[in-house]
Amino acid sequence: MDVGQFYAAVAGINFTLLGLWWVAVTERRQLREGGPRVRRMAYTVSLQFLIPGALSLLAQVAPNVPAFWRSAFALAGLLGALSILLLSPSVARENEMTRRGALLLRVVGIPLYLLIAVWALVPFDGLPLTALQIEGIMLALLVFLGAHTAWTVGLAAGPEPTQN
57 MDVGQFYAAV
67 AGINFTLLGL
77 WWVAVTERRQ
87 LREGGPRVRR
97 MAYTVSLQFL
107 IPGALSLLAQ
117 VAPNVPAFWR
127 SAFALAGLLG
137 ALSILLLSPS
147 VARENEMTRR
157 GALLLRVVGI
167 PLYLLIAVWA
177 LVPFDGLPLT
187 ALQIEGIMLA
197 LLVFLGAHTA
207 WTVGLAAGPE
217 PTQN
């Protein structure tokens, strides 16, 4: 598959998932009005779609100018890791489900974002895949992580209260 087509598909998938997550937040009152921890949790999930989506768009701007896309990937990798590091501790205190989601983000998300940053900063030669292809594999893993986190957080909010 052409790298440009891949990144276009990944961008579309991420922004679609981001939009669906925003609909879920809008529709589920517990996610929308649940207090600062729940709002941080919803924002953390949003970032898991927003960062890979933005990176996918930036990867298409100038794929033949490595300094451009490498800078974007390095910055996004560092920001992604930092956002999880700063937001996940308060999210983990909400309940057991969010604790699991926050743990997954810390154990898988932070290393993955840091790996994206390192891969962008340190060119590795002699591999059968290009650097953009390897970054694409890591972004695909972030899509999976984001979808799993959204599911976990969405379930953690609990059922909507019934109105009598």
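Throughout, my numbering is defined as the position within the sequence shown, counted from one, plus 56. In this text, a Cβ means the ideal position worked out from N, Cα and C, and glycines have one as well.
- Message: With H, G and I counted as helix, E and B as strand and the rest as coil, what does DSSP make of residue 143?
- Response: DSSP places residue 143 in helix when its eight states are reduced to three.
- Can you tell me whether DSSP reads residue 118 as helix, strand or coil? Correct three-state label for residue 118: coil.
- Query: Among 99, 69, 119, 106, which residue has its Cα nearest to the Cα of residue 186?
  - Reply: Nearest in C-alpha terms to residue 186, of all of 99, 69, 119, 106, is 119.
- Message: Across the region 76 to 89 and the region 120 to 138, are there enough close Cβ pairs to call them in contact, namely three or more that are closer than 8 Å?
- Response: no
- Item | Rounded Cβ spacing between residue 66 and residue 112 (contact assumed at less than 8 Å) | 4 Å
- Message: Within the continuous alpha helix (DSSP H) that includes residue 85, where are the two ends?
- Response: 85 to 89
- Query: Does DSSP classify residue 134 as helix, strand or coil?
  - Reply: helix
- Query: Can you tell me the Cα-Cα spacing of residue 100 and residue 140, whole angstroms?
  - Reply: 7 Å
- Query: Taking one C-beta from the region 191 to 202 and one from the region 79 to 97 each time, how about it: are there three or more such pairs within less than 8 Å?
  - Reply: no
- Query: Assuming residue 144 and residue 162 make a contact with CB atoms under 8 Å, what is their CB distance in whole Å?
  - Reply: 5 Å
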